[in-house]
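One structure below.
Protein chains: 2
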Amino acid sequence: MTDSENDSIQPSAEIPELCQECTARHRGICGALRPDELTHLNKISKQKTFAEGLTLMADQQEAPFFANVLEGVVKLSKTLPDGRQQIVGLQFAPDFVGRPFQSESHLFVETASKVKLCTIPRKGFEQMLGDIPSLQERLFQQTLVELDESRQWLVALGRKTASERVAGFLHMIALHMPNNKESPSQGDKNTTSFDLPLTRSDMADFMGLTIETVSRQLSKLKKRNIVSISHNRRIVIHDMELLEKTSRE
Amino acid sequence: MTDSENDSIQPSAEIPELCQECTARHRGICGALRPDELTHLNKISKQKTFAEGLTLMADQQEAPFFANVLEGVVKLSKTLPDGRQQIVGLQFAPDFVGRPFQSESHLFVETASKVKLCTIPRKGFEQMLGDIPSLQERLFQQTLVELDESRQWLVALGRKTASERVAGFLHMIALHMPNNKESPSQGDKNTTSFDLPLTRSDMADFMGLTIETVSRQLSKLKKRNIVSISHNRRIVIHDMELLEKTSRE
DNA sequence: CATAGACTTTGATCTATATCAAATTTTACT
DNA sequence: AGTAAAATTTGATATAGATCAAAGTCTATG
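Below, the structure is given as structure tokens:
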């Protein structure tokens, strides 16, 4: 075998065209499928693009589809009767959206940014889930990771200060966004830049803070020269290590 | 079929004796097993009792076993470098303890009270998980419920007041503890009583508060005649509805 | 059953973050 | 480009819950 260095070098005629370059192809649930299974999934699924600020599934409503996130950020949130809101999860490519074994969503699923999804009709997917153990195992594993992440964030909300939460949030986003790592030559220190996919209001709802507190903490990070921000959304992190350290205490 | 009214009326000679009356037999993962599979699980598993305050699995350590909780409460917690602690989950019978597909635990698993477990060696269980799709599906479903619960608690930590958290905590515990529902005749209003399985310190670590704040909130609930407390641990809830309402806002 | 040590409650104060209120920047629309 | 609306930042003040400090309870042990 001489192809071990790169398995994407061979064009797989068996694999649907759309899937060839897909974010979910290897790291997402599709990575658990054989070519014929992938072909079937591809037949019943459909790529769709959604604008920012749309509701994909509403609390207490029948969720119409499952999906893979291909681009952008999806937010999962809960609302209290008096209007207080908490974002309980953020999903990036190639995460899976939707809850198997339960048709009613108990949260709001909304687009935090412009989002591209590969949507899969409920029925067809549940069928596949029952037929293909490796698919179920993959989804199970992704759910375990989501549980880990949720618990990690529980620590932030229960025990971390605003400063730690904001630093941790930026660090987490930096790891998930299309990677603009600057070349180490031009200043090293682990510089990274990206566009924030969330408004200050969403950030506050994720971190259990107010927008004013989020803003003040961002200003502090700017003063400490850890980040630069332009046009509200454009972030340059000058020192990922320091940022990460700030998120730890 | 005339046995639909009660399926526990027939003594199943095929089912291990220990499992006959087990809490995990139907609602826990064992409910997903055929008699022969249950017999096998029974052969490799072992009931053990643990005192309060013991560490079952430590952060970064290889977890030696999986287990079903049969009695008592297990707490899952995370600790920050400076000692701040957050309990990220509580497990009651018949919950499953342990994380498949990952040998190192990334949290502390400790007994919050005296606990009885049905422990299952790592290797043997992973084998079964691979062989029995219905077992994996059951565990997947339980994981989804844990994720729902974790997200629910995220809302409490991010957006609820101390008063709401404490009321919600008591309500949740009431639903999980061996049920001493008082007869409606003797005063109605949904009276319930139970022994708190956690110290004030654990309660604080679960709710993201200090012990003083927990104590003050309990005192307020006493003054409002919603609960009575004796000997620190013995709780009588006089009005479950009001308690639940207090937890919502 | 008396006493020490561990919990828990209560009180006094402090502080991080919320709230209320402008000012400023950014975006979008004519 | 010029302006209105929206989003964000900054400032002043209020407050829920933390922290520090006793004073009570409870439990366990001799």
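Chains A and B, in that order, are what the protein sequence lines are.
For the first sequence, the positions run 8 to 256 when this note's numbering is used.
For the second sequence, the positions run 8 to 256 when this note's numbering is used.
Note that the Cβ used here is the ideal one computed from N, Cα and C, for glycine as well.
Under the three-state DSSP convention, the category residue i falls into
{"i": "residue 60(B)", "result": "coil"}
{"i": "residue 74(B)", "result": "strand"}
{"i": "residue 241(A)", "result": "strand"}
{"i": "residue 201(A)", "result": "strand"}
{"i": "residue 252(B)", "result": "helix"}
{"i": "residue 226(B)", "result": "helix"}
{"i": "residue 120(A)", "result": "coil"}
{"i": "residue 36(A)", "result": "helix"}
{"i": "residue 132(A)", "result": "helix"}
{"i": "residue 108(B)", "result": "coil"}
{"i": "residue 94(A)", "result": "strand"}
{"i": "residue 150(A)", "result": "helix"}
{"i": "residue 69(B)", "result": "strand"}
{"i": "residue 99(B)", "result": "coil"}
{"i": "residue 139(B)", "result": "coil"}
{"i": "residue 167(A)", "result": "coil"}
{"i": "residue 31(B)", "result": "coil"}
{"i": "residue 21(B)", "result": "coil"}
{"i": "residue 89(B)", "result": "coil"}
{"i": "residue 41(B)", "result": "coil"}
{"i": "residue 179(B)", "result": "helix"}
{"i": "residue 206(A)", "result": "coil"}
Beta-ladder partner(s) of residue i, from DSSP
{"i": "residue 234(B)", "result": "244(B)"}
{"i": "residue 125(B)", "result": "54(B), 75(B)"}
{"i": "residue 84(B)", "result": "94(B), 115(B)"}
{"i": "residue 213(B)", "result": "Residue 213(B) pairs with nothing; no bridge assigned."}
Nonlocal neighbours in the same chain, by C-beta distance under 7 angstroms from residue i, ignoring five residues either side
{"i": "residue 183(A)", "result": "99"}
{"i": "residue 210(A)", "result": "176, 221"}
{"i": "residue 249(A)", "result": "233"}
{"i": "residue 196(A)", "result": "245, 246"}
{"i": "residue 26(B)", "result": "32, 37, 45, 49"}
{"i": "residue 179(A)", "result": "none"}
{"i": "residue 30(A)", "result": "77, 100, 101"}
{"i": "residue 51(A)", "result": "127, 128, 131"}
Beta-carbon contacts of residue i that lie in its chain and below 8 angstroms, excluding the five residues immediately before and after
{"i": "residue 121(A)", "result": "56, 57, 58, 59, 78, 79"}
{"i": "residue 139(A)", "result": "39, 40, 44"}
{"i": "residue 141(A)", "result": "39, 40"}
{"i": "residue 68(A)", "result": "111, 112"}
{"i": "residue 156(A)", "result": "96"}
{"i": "residue 21(B)", "result": "42, 43, 46"}
Cutoff 6 angstroms; reference residue i; Cβ partners in own chain excluding five residues on either side
{"i": "residue 169(A)", "result": "216, 220, 224"}
{"i": "residue 5(B)", "result": "In the structure as shown, chain B starts at 8 and stops at 256, and residue 5(B) therefore has no counterpart that could be examined."}
{"i": "residue 208(A)", "result": "218"}
{"i": "residue 86(B)", "result": "92"}
{"i": "residue 164(B)", "result": "215"}
{"i": "residue 203(A)", "result": "240, 242"}
{"i": "residue 172(B)", "result": "163, 214"}
{"i": "residue 235(B)", "result": "243"}
{"i": "residue 205(A)", "result": "119"}
{"i": "residue 62(B)", "result": "117"}
Problem - Members of the stretch 97-118 of chain B near chain A, C-beta cut-off 8 angstroms - result: Cβ proximity to chain A below 8 angstroms picks out 106, 107, 108, 109, 113, 114 from the stretch 97-118 of chain B.
Problem - Residues from the stretch 162-180 of chain A in contact with chain B, defined by Cβ distance under 7 angstroms - result: 162, 164, 165, 166
Exercise for the section: Decide if the stretch 66-82 of chain B is in contact with the stretch 126-143 of chain B; the criterion is three or more beta carbon pairs, one per stretch, under 8 angstroms apart. Expected result: yes
Practice task
State whether the stretch 207-225 of chain A contacts the stretch 99-109 of chain A, with contact taken as three or more CB pairs (one from each stretch) at a distance under 8 angstroms.
Solution key: Segments in contact, no.
Handout entry: Residues, ordered as in the chain, of the stretch 192-216 of chain B that lie near chain A by beta-carbon distance below 9 angstroms
Key = 212, 213, 214, 215, 216
Practice task
Taking only beta carbons into account, state which residues of the stretch 122-152 of chain B come closer than 7 angstroms to chain A, listed in chain order.
Solution key: 140, 143, 144, 147, 148, 150, 151
Handout entry: Interface residues of the stretch 67-92 of chain A facing chain B [CB-CB below 8 angstroms]
Key = Residues of the stretch 67-92 of chain A that bring their beta carbon within less than 8 angstroms of a beta carbon in chain B comprise 83, 85, 87, 88, 89, 91, 92, in sequence order.
Practice task
Evaluate contact between the stretch 106-120 of chain A and the stretch 36-52 of chain A, counting only Cβ atoms and requiring at least three cross-stretch pairs below 8 angstroms.
Solution key: no
Practice task
For the stretch 234-255 of chain A, enumerate the residues whose C-beta is nearer than 9 angstroms to any C-beta of chain B, in chain order.
Solution key: 255
Practice task
Give, in chain order, every residue of the stretch 26-52 of chain B whose Cβ lies closer than 8 angstroms to some Cβ of chain A.
Solution key: none
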